[in-house]
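Read the sequence shown against the working numbering and you will find it ends at 427, with the numbers running on by one and no gaps.
Each remark here refers to the structure printed beneath this line.
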Amino acid sequence: MKSSYDCVVIGGGPAGGSAASIVAQAGLETLLIERDPMPRFHVGESLMPETYWAFERLGINERMRQAGFQSKKSVQFVTHRGTESEPFFFRNHDDRPCSSTWQVERSEFDKMLFDRAEELGADCYDRTRWVDVRFDADDRVTGVVVRDGDGIQREIDCRVVIDGTGQQSFLANKLGLKQFDAELRKVAIWTYYRGAVRGEGDNEGATIILNTENKDAWFWFIPLSRGITSIGCVGDTDDLLKGGGKPEQVFFEQLDLCPGLRPRLEHAKRLGEIRTAKEFSYSTSQNAGNGWVLVGDAFGFIDPVYSSGVYFALEMGIRAADAVVAGFQSNDLSARQLGSWTDEFLEGAQWVRKLVHAFYSKEFSIGRFMKEHPEHRGRVTDLLIGRIFDESAEQLFKDMEMSMKKAM
């Protein structure tokens, strides 16, 4: 590890790995560090099809095809009564290769991105923690302090820091920028099963969203490779954990209330522990500063229901890296330059946020809405694919709001 770099990227997830790849490929001296040994476990296995273009940019689409990940060609919804929607097959909207994607084991996927950054010229170190960031009198980044795998603390000079520290949100917490979404105070409780009943044919790899009987919670069903399926329950923190209930107890109580999921797990075997994550929906009041920029979950996270997390992380990593490269070329590493991509990103991401809020309204039924407005099926599929930057969805949400009012 050298004592000076042009850019230091913190966090070896999709945001940090993609950002480090693009910056290093441009010829800038780049350091990428990750606190855990790689590969390491992470939740968030379902990809949106629009990740295709990020993989093209990173040069790993062929590796993704050869990696053995479960193919994902559709999304499906199951009501609180157990009624299954027609699958949303991405190919029916666009039959190009970019309309098929994958369900990934994040340990393998993130390691692929970490290794790709190294191939493109970044110095990559795992088991290395970010201790602090240094600023000058003008609040401009001058370097970072890290602790390597041998416990040695090092001061690294740099001109730019890209923070991809995920929900640890190092800079956002240090600078007091993190803002939790009061309407999305959720908890996720999840585990893994072998032998769960999947869809048939091209729907085998579908992400399935299943409501509980009272619609107070929902389950994700994400088929992975090797016959393993990720099963998670999401609901309001105050409701699911009231009275100090243990996560394992809560998980199985909610499973008993999910008529669409129980038959799928009847003969399946649970693998490993029950895991939890709380308060994961938040934003940041400032996304970039002089010499620093936030990406991925360090920038913000909406909700896991539509599997937007990894796609957003890749998109942010690449956009931020492009801004950094352009900033070095013009000798402008100001907050304005490093955050020049954020307005457009947030404008597109708002449509997924609106769809999330609609999902959590008990008056909303995607099946009913599709029957009322079949003309919007293509636009809804666009959002599920991740195509959020090309056109407005205003009319879609106006009609969705009317549909919910009628159901009240």
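In this text, a Cβ means the ideal position worked out from N, Cα and C, and glycines have one as well.
Quick caveat, the model's predicted, so the values are computed rather than measured.
In this structure residue 424 is exposed. Its beta-carbon is surrounded by fewer than 16 other beta-carbon atoms within 10 angstroms. For residue 391, the closest of 367, 419, 65 and 211 by C-alpha to C-alpha distance is 419. Annotation: the region 265–351 contains the following complete segments of the alpha helix (DSSP H) (minimum length 4 residues), in chain order: 266–275, 281–284 and 328–349. Taking 8 angstroms as the cut-off, the Cβ atoms of residue 314 and residue 141 do not count as close.
For residue 99, the closest alpha carbon among the candidates 385, 63 and 359 is that of 385. Under the DSSP assignment, residue 254 falls in the beta strand (DSSP E) whose first and last residues are 247–255. Assigned with DSSP and collapsed to three states, residue 413 falls in helix.
For the set 64, 139, 48 and 112, the Cα lying nearest the Cα of residue 78 is the one of 139. The bridge partners DSSP lists for residue 373 come to none. When DSSP reads this structure, residue 142 sits in a beta bridge with 50.
When DSSP states are grouped into helix, strand and coil, residue 71 belongs to the helix group. A distance below 7 angstroms between beta-carbons, with the five flanking residues on each side excluded, links residue 74 to the following residues of its chain, in chain order: 80 and 83. When C-alpha distances from residue 40 are compared across 335, 21, 221 and 116, the shortest belongs to 335. Beta-bridge annotation (DSSP): residue 151 is paired with 164.
Between residue 91 and residue 287, the gap from beta carbon to beta carbon reaches 8 angstroms or more. Pairing residue 344 with residue 181 gives a Cβ-Cβ distance that is not under 8 angstroms.
With fewer than 16 other CB atoms across the displayed protein chains lying within 10 angstroms of its CB, residue 219 is exposed. For residue 242, the pairing in a beta bridge is given by DSSP as 248. Among the bridge pairs identified by DSSP, residue 93 is matched with 108. The C-alpha of residue 126 lies about 27 angstroms from the C-alpha of residue 375.
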